[in-house]
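Everything in the sequence shown is counted per full-length UniProt numbering, starting at 1 for the first residue and increasing by one.
Below is one structure; the comments refer to it alone.
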Amino acid sequence: MKIHNLYIKSLVTVFTVTLFFSCKSNFNEVQKIGVSEDQPIGVAEDINLKYTDSGRVTANLISPKMLDFTNRDFGYNEFPEGIVLHMYDELNQKNTVIADYAISYKETNLIDLQGNVVVTSHKKDTLFAEQLYYDQSDEWLFTNQPVTFRQGRDLINGNGFDSDSEFKKAQVLEIDGIITLEE
Numbered sequence: 001m002k003i004h005n006l007y008i009k010s011l012v013t014v015f016t017v018t019l020f021f022s023c024k025s026n027f028n029e030v031q032k033i034g035v036s037e038d039q040p041i042g043v044a045e046d047i048n049l050k051y052t053d054s055g056r057v058t059a060n061l062i063s064p065k066m067l068d069f070t071n072r073d074f075g076y077n078e079f080p081e082g083i084v085l086h087m088y089d090e091l092n093q094k095n096t097v098i099a100d101y102a103i104s105y106k107e108t109n110l111i112d113l114q115g116n117v118v119v120t121s122h123k124k125d126t127l128f129a130e131q132l133y134y135d136q137s138d139e140w141l142f143t144n145q146p147v148t149f150r151q152g153r154d155l156i157n158g159n160g161f162d163s164d165s166e167f168k169k170a171q172v173l174e175i176d177g178i179i180t181l182e183e
């Protein structure tokens, strides 16, 4: 009888330990129930988002629509109808970015701007491109696509562009030509 009770206790212990270690949290899977893999987890319309630092507006993002796919393994926000982004420096001088489409990747802090991209500095220097990347961490703009860069009276055409966000270190790559405009 004692051997039988010991056998049952051992069996119950093994069963309990097995159950304990085989259980896992399914919270993430439960959250995804009812959400199709192709669908965003959120949709925002008529966005007018203001970023502030110490009470001062540093950026203003305007977009007709944002799709939130941040629940994916490589999360992102998509702006299928374009963006207008105004950025303000410490002197409240405005730089503006306009694009027909944008996608912002959460993990890499990279923004991919596409279609009629125009970046204008407070000095009126202007970059025109069909695609441009912005590294938010380094505040750096770059592309290997054709660009036109207007700096002062010069219009510079080339294939590729590298610059800080304020155009202080702007460089047009593979220059095709420079046109100097009359005043």
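Ideal Cβ positions, reconstructed from N, Cα and C, are used throughout, including at glycine.
(message) Considering only the alpha carbon of each residue, which of Tyr-88, Asn-159 and Val-147 lies closest to Lys-123?
(response) Walking along the sequence shown from the start, residue 123 turns up at place 123. It is Tyr-88.
(request) Please work out which residues of its chain come closer than 7 Å, Cβ to Cβ, to Thr-180, disregarding the five sequence neighbours upstream and downstream, and give them in chain order. (result) Locating residue 180 in the sequence shown gives position 180, counting from the first residue. Contacts found: Arg-153 and Asp-154.
(request) Could you pull out every unbroken beta strand (DSSP E) segment of at least 3 residues lying fully inside the segment 84-153, listed in chain order? (result) 94-99, 101-105, 110-120, 126-135 and 140-151
(message) Could you pull the DSSP bridge partners for Gln-171 from this structure?
(response) As a first step, residue 171 is located in the sequence shown; it is residue number 171 there, counting from the start. Paired residue(s): Asp-162.
(request) Name the one or two DSSP bridge partners that Thr-180 has. (result) Locating residue 180 in the sequence shown gives position 180, counting from the first residue. DSSP lists Asp-154 as partners of Thr-180.
(message) Between Thr-108, Ser-63 and Val-43, which has its C-alpha nearest Ala-99's C-alpha?
(response) The count along the sequence shown starts at 1 and reaches residue 99 at position 99. Ranking Thr-108, Ser-63 and Val-43 by Cα distance to Ala-99 puts Ser-63 first.
(request) Put Asp-68 into one of helix, strand or coil per three-state DSSP. (result) Residue 68 sits at position 68 when you count from the first residue of the sequence shown. Asp-68: strand per DSSP, three-state reduction.
(message) Can you tell me which residues form a DSSP beta bridge with Phe-79?
(response) By 1-based counting over the sequence shown, the position of residue 79 is 79. Phe-79 pairs with Ala-102.
(message) Using CA atoms only, rank isn't needed, just tell me which of Asn-92, Gly-75, Arg-72 and Thr-70 is closest to Thr-58.
(response) For the purposes of this step, residue 58 is identified with residue 58 of the sequence shown, where counting begins at 1. If we check each option's Cα against that of Thr-58, Asn-92 comes out closest.
(request) Could you please give me the residues that DSSP links to Thr-52 through a beta bridge? (result) Within the sequence shown, residue 52 is the residue found at index 52, counting from 1. For Thr-52, which the question treats as bridged, DSSP gives the partners Val-57.
(message) So, with DSSP's three-state summary, where would you put Ile-47?
(response) Locating residue 47 in the sequence shown gives position 47, counting from the first residue. Reduced to three states, the DSSP call for Ile-47 is strand.
(message) I need the straight-line Cα distance from Gln-114 to Leu-132, nearest angstrom please.
(response) Reading the sequence shown from its first residue, position 114 is the one you call residue 114. Reading the sequence shown from its first residue, position 132 is the one you call residue 132. Roughly 7 Å separates the two Cα atoms.
(message) Can you find the residues in the same chain that come closer than 6 Å, C-beta to C-beta, to Phe-142, ignoring five residues on each side of it along the sequence?
(response) Residue 142 sits at position 142 when you count from the first residue of the sequence shown. Tyr-133 and Asp-162, listed in sequence order.
(message) Only counting the same chain, and skipping five residues up and downstream in sequence, which positions put a Cβ closer than 6 Å to that of Asp-125?
(response) Indexing the sequence shown from 1 puts residue 125 at position 125. Gln-151 and Phe-167, listed in sequence order.
(message) On a Cα-Cα basis, can you pick out the residue from Pro-146, Glu-183, Glu-45 and Asp-164 that is closest to residue 189?
(response) The question about residue 189 has no answer, for the chain in this structure spans 1 to 183.
(request) Taking only the alpha-carbon atoms, compute the straight-line gap between Lys-106 and Asn-60 and give it to the nearest angstrom. (result) Within the sequence shown, residue 106 is the residue found at index 106, counting from 1. Within the sequence shown, residue 60 is the residue found at index 60, counting from 1. About 19 Å.
(request) Would you check if the distance between the CB atom of Leu-110 and the CB atom of Asp-73 is smaller than 8 Å? (result) Along the sequence shown, one-based indexing puts residue 110 at 110. Along the sequence shown, one-based indexing puts residue 73 at 73. No, the Cβ-Cβ distance between Leu-110 and Asp-73 is not below 8 Å.
(request) Determine the DSSP secondary structure at Ile-41, reduced to helix, strand or coil. (result) Taking the sequence shown and counting its residues from 1, one reaches residue 41 at position 41. In the structure shown, Ile-41 sits in coil (DSSP, three-state: anything other than H, G, I, E or B).
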